[in-house]
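Working notes, beginning with the structure itself.
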Amino acid sequence: MSTTPITSVYNDGYIAEMYESFRRDPASVDESWRQFFRFAEQIGGGASATTTVAADPVYLRKVAGAAALVDAIRQYGHLAVPLDPLGSAPSGAAELTPEFHGITEADLALVPALALGFDVGTAADVTSLLRDLYSSTMGFEFAHIGEEGEREWFRETIEHERLSRHLTPDEKRAVLDRLSEVDGLERFIGRAWVNMKRFSIEGTDALVPMLDALIEDAGAAGAREVAIAMAHRGRINVLTHILGKPYAKIFEEFDGKHAAASAESETGDVKYHLGARTTRTLPNGKAVDIQLVPNPSHLEVVNPVLTGAARARQRVMVGEKLTSELDPLAVAPVLVHGDAAFPGEGVVAETLNMSRLRGYTVGGTIHIIVNNQVGFTTDPTDARSTHYASDLAKGFEIPIVHVNADNVEACIAAMRLGVAYRSKFKKDFLIDLVGYRRHGHNEGDEPTFTQPTLYAAIKAHPTPRQVWGERLVREGILTAEDVQAAERAVAQRLEAIYDESKKTHEDDQQENGGAAAAPQVIAETGVRAEQLVALNEQLLAWPTGFSAHPRLAKQLERRREAVGEAGGIDWGHAESLAFASLLADGTSIRLTGQDGERGTFSHRHAVLHDPNTGQAFTPLQHLPNAKGIFEIYNSPLSETAVLGFEYGYSTAADDTLVLWEAQFGDFANVAQPVIDQFMAADRAKWKQDSSVVMLLPHGYEGQGPEHSSARLERFLQLSAEGNMTVAYPSTPSQYFHILRRQAKADPRRPLILMQPKSLLRLPQAASRLEDLSSGRFMPVIDDQSAADRREEVQRVVFCTGKLYYDLTAKERPANIAIARVEELYPWPAEQVSRIVDLYPNVVEVAWAQEEPKNMGAWSYVAPRLRACTGNAMLIRYIGRQERASPAEGYVQSHQEEQARIVADVLEVPAKRKAAARA
Ligand SMILES: Cc1ncc(C[n+]2csc(CCOP(=O)(O)OP(=O)(O)O)c2C)c(N)n1
């Protein structure tokens with residue numbers, strides 16, 4: 064759909080060719096060409112268009128030129144919109160001139176509007192109308208949308224002004240009141256707390272009336288909730304005016320007062336990161352919940368967290384029962400971005416990429432770029448390679464509207480269009496709100512150091528409120544005195560509230576409503592053997608006519624024997640029984656990850672594919688007595704956004720065990736800000752809880768530096784105040800129990816699980832039915848083989864996970880016991896001490912690990928393990944030496960290192976002086 068100069072290519076042959084295409088399939092040519100040929104056919108009196116062309120080619124070329132101009136205005140009109148309130152000229156485009164299409168402005172008057180699909184007047188009237196619609200107040204970009212029906216909808220909606228109805232005088236006065244509040248609050252804070260950071264909204268004040276319009280229209284379209292995420296810019300204003308946070312509370316926070324923490328672990332967060340909730344009653348009486356989710360400074364990382372939470376809340380309940388249906392109109396997700404952050408931060412692209420995937424869609428997110436034309440002190444020319452800040456969204460076929468933030472009426476119209484589009488097509492929509500930033504990046508920052516001319520222009524420019532007020536005066540809706548009075552009224556009200564607030568200080572602990580950390584309750588997690596056998600059968604009962612891949616069917620058939628006498632329950636099997644039993648208990652399950660349906664190591668096969676028909680079947684979705692829902696999706700190739708999404712989902716779905724599996728644990732660090740900023744610290748900062756599970760394949764098996772280590776050390780370093788559980792289960796039954804424990808855990812905190820690779824099917828690791836039908840997760844497992852030789856043991860070695868099987872592949876010397884620490888955080892001090900005490904003649908306690916000494920659990924374990932010996936012993940380290948890279952790249956070096964570690968563990972300790980204990 065390119066627009067090319069008519070003089071060069073619109074010769075008769077070309078028109079004839081286009082006509083041929085039109086005859087074959089009208090949809091194959093642009094709308095204006097369609098109109099042109101219809102017209103040509105009409106005036107040709109039934110003769111073919113090419114004959115007509117031959118009859119009066121000069122005239123018809125004028126028609127074709129006018130048609131091409133119409134197309135160009137629709138497509139490139141946005142380039143001529145004066146978007147910058149500060150008055151910089153739009154770039155414009157040659158295609159927007161008649162000359163580009165081989166005609167003149169005067170020619171347009173000769174072409175009837177009918178030729179262009181319009182009813183009255185001439186092409187001059189049509190282009191004047193279209194210039195007004197496409198190049199005056201809003202810049203529309205929708206030509207990049209693949210669906211013809213959607214492009215048509217935009218043309219129709221815009222050209223018939225369906226949604227950009229003008230505001231009534233009353234609405235205009237209400238907008239002035241709103242802008243007076245928005246502007247008044249910023250000025251008041253600016254006067255009362257000079258230079259204190261507030262990340263003022265000034266210059267993009269329209270955001271607040273836009274959000275008002277969004278809430279109203281989304282509510283009318285069926286939303287019971289609007290869920291918003293935004294960064295620092297304008298947040299205090301949104302918190303007060305959209306979320307109803309009382310002014311007094313904001314003032315107290317500026318005065319340095321805050322609600323007393325209800326627990327030591329609530330260290331809190333700065334005021335422009337906090338979330339809030341409120342309910343707004345719409346003019347039609349309908350109540351809409353509004354939520355602003357808390358977020359860290361890390362720009363844009365909150366995007367997938369918000370969409371994940373929104374998806375969880377879009378689930379449809381029938382009575383008390385959860386269904387697998389979603390109602391995307393019930394919850395409208397809104398993401399507010401910065402103009403530097405949107406093109407710059409990769410998580411934005413990752414989140415947009417998830418927007419249409421079945422496992423992640425939320426039926427469209429409304430995006431607003433609060434475009435103040437600068438990122439901190441960086442100009443757009445240094446911040447992005449694209450013309451617009453929004454161009455990334457084009458690749459995802461998201462419609463975009465650019466709007467000048469000084470034209471609040473157009474801003475509201477853009478929002479109405481966005482909500483209407485989302486409601487109809489259930490897809491993302493983006494508004495690029497082009498304004499400016501009245502002050503420095505924050506209010507203590509001097510912007511003229513770096514942007515002197517820009518800031519001279521800003522200083523001379525009236526505020527959005529003044530611009531709007533002047534307009535209303537011009538239109539005779541208000542007098543200048545009315546406009547001033549509105550400003551004074553707000554200032555006086557704020558003054559009074561501040562004076563009052565200084566007298567009282569409410570100790571309000573409402574926000575987000577989380578409870579203080581409590582010790583983890585260790586639940587019995589065994590499931591009756593008969594129930595497990597029944598579930599096992601149900602998982603193997605596939606529909607008539609369905610067959611699984613023969614090799615797979617054979618493997619799965621073996622699960623019948625594994626729950627019997629023969630034993631041999633492997634990792635994947637234990638997982639499916641844990642899931643099945645939880646579903647029967649009423650817990651829902653959502654598992655995602657790259658290739659998660661099959662499992663990276665081909666061990667899960669939660670989704671079976673019929674080799675003859677290709678049909679898929681997911682046994683866990685067909686359990687006859689399931690009370691919960693089972694969802695599983697292969698994720699897109701992302702870590703940050705997909706983990707963020709599951710984290711967010713989990714914050715909003717306390718009825719669901721949400722698991723994210725890394726392809727290899729090594730890749731989880733791509734998602735580091737989700738782990739650091741959300742999972743580890745959310746409760747401490749915002750009283751927010753999640754029980755998301757990270758499944759991280761980990762273990763040294765000679766696969767090189769990026770397929771060995773999930774960086775256990777990082778998680779242990781992040782652990783404090785009961786913020787999460789970090790475990791490294793070594794048997795399928797341990798995995799079974801910890802999953803079940805997690806589903807029932809209270810408080811809900813994340814679970815980080817080191818997961819096996821070779822161990823997945825290792826016969827020595829396999830579990831038996833009785834291991835699942837009784838008991839619970841054991842934080843430490845003693846050496847059973849040493850039970851009748853405890854007196855002989857001189858060295859007790861503690862290790863984790865898969866290394867245990869390397870160490871015990873051969874029979875160990877009688878004076879060595881090898882115990883496994885299965886839960887590292889919280890550290891099971893009591894159980895470890897008890898094990899040390901079981902061996903009366905121990906002279907050495909050692910920690911063995913596969914990871915280099917500066918990695919793995921060693922630094923974390925050493926002081927704790929020593930404390931478990933009553934600080935009586937130094938703990939011996941056995942493992943790889945300190946390394947820059949986590950694992951060897953050569954299989955042979957790996958094998959040598961592994962063999963050395965095993966040998967070091969099993970080497971009979973020299974008779975050390977018992978004094979070492981003292
Ligand atoms: C991931 C990340 N990197 C860097 C920063 C530091 N930082 C805070 S605001 C900002 C500029 C943001 O510019 P823009 O997106 O245009 O938003 P604005 O502040 O102009 O509203 C930067 C670099 C951050 N908060 N997060």
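Numbering of the sequence shown is given in this note's numbering, commencing with residue 64 and proceeding in unit increments. For each residue, glycine too, the CB sits at the ideal point set by N, CA and C. Given the structure is predicted, the values throughout are model-derived calculations rather than measurements.
Residue i: first and last residue of the uninterrupted alpha helix (DSSP H) it sits in
| i | result |
| --- | --- |
| residue 922 | 921–931 |
| residue 216 | 211–222 |
| residue 208 | From DSSP, residue 208 is part of no alpha helix (DSSP H); its letter is neither H nor E. |
| residue 566 | 543–566 |
| residue 445 | 443–446 |
| residue 299 | 298–304 |
| residue 293 | No alpha helix (DSSP H) holds residue 293; the beta strand (DSSP E) holding it covers 288–293. |
Residue i beta carbon near ligand 1 (any heavy atom closer than 8 Å)
| i | result |
| --- | --- |
| residue 730 | no |
| residue 158 | no |
| residue 46 | Here the chain covers residues 64 to 981 and nothing more, so residue 46 does not appear. |
| residue 401 | yes |
| residue 438 | yes |
| residue 357 | no |
| residue 262 | yes |
| residue 295 | yes |
| residue 404 | yes |
| residue 433 | yes |
| residue 407 | yes |
| residue 361 | yes |
| residue 504 | yes |
| residue 756 | no |
| residue 736 | yes |
| residue 271 | no |
| residue 596 | no |
| residue 500 | yes |
| residue 364 | yes |
Per-residue burial, residue i [other beta carbons within 10 Å of its own, 16 or more giving buried]
| i | result |
| --- | --- |
| residue 88 | exposed |
| residue 729 | buried |
| residue 847 | exposed |
| residue 953 | exposed |
| residue 565 | exposed |
| residue 694 | buried |
| residue 841 | buried |
| residue 209 | exposed |
| residue 745 | buried |
| residue 467 | buried |
| residue 32 | This structure cannot settle anything about residue 32, because the visible part of the chain is limited to 64 through 981. |
| residue 442 | exposed |
| residue 333 | exposed |
| residue 958 | exposed |
| residue 78 | buried |
| residue 480 | buried |
| residue 757 | buried |
8 Å contact criterion, which residue i and residue j should meet: CB distance rounded
| i | j | result |
| --- | --- | --- |
| residue 159 | residue 135 | 6 Å |
| residue 844 | residue 860 | With a Cβ gap of about 13 Å, residue 844 and residue 860 do not count as contacting. |
| residue 725 | residue 759 | 5 Å |
Range of the contiguous beta strand (DSSP E) that encloses residue i
| i | result |
| --- | --- |
| residue 203 | 201–204 |
| residue 938 | 938–943 |
| residue 397 | 394–401 |
| residue 384 | 384–389 |
| residue 883 | 879–884 |
| residue 967 | Taken as a continuous stretch (DSSP letters only), residue 967 belongs to no beta strand (DSSP E), being part of the alpha helix (DSSP H) at 954–969. |
| residue 652 | 651–656 |
Interface flag, residue i vs chain D, CB-CB below 9 Å
| i | result |
| --- | --- |
| residue 406 | The displayed structure is made up of one protein chain only, and chain D is not part of it. |
- [ ] Note down, one range per segment and in chain order, each alpha helix (DSSP H) of at least 4 residues found wholly within the segment 493–533.
- [x] The qualifying runs are 515–523.
TODO: Within the segment 807–872, note down every full alpha helix (DSSP H) run reaching 4 residues or more, in order along the chain.
DONE: Runs found: 832–836 and 866–870.
Open item on the list: I'd like the ranges of any alpha helix (DSSP H) spanning at least 4 consecutive residues and lying wholly in the segment 418–475.
Closed with: If we require 4 residues or more, the alpha helix (DSSP H) runs fully inside the segment 418–475 come out as 443–446.
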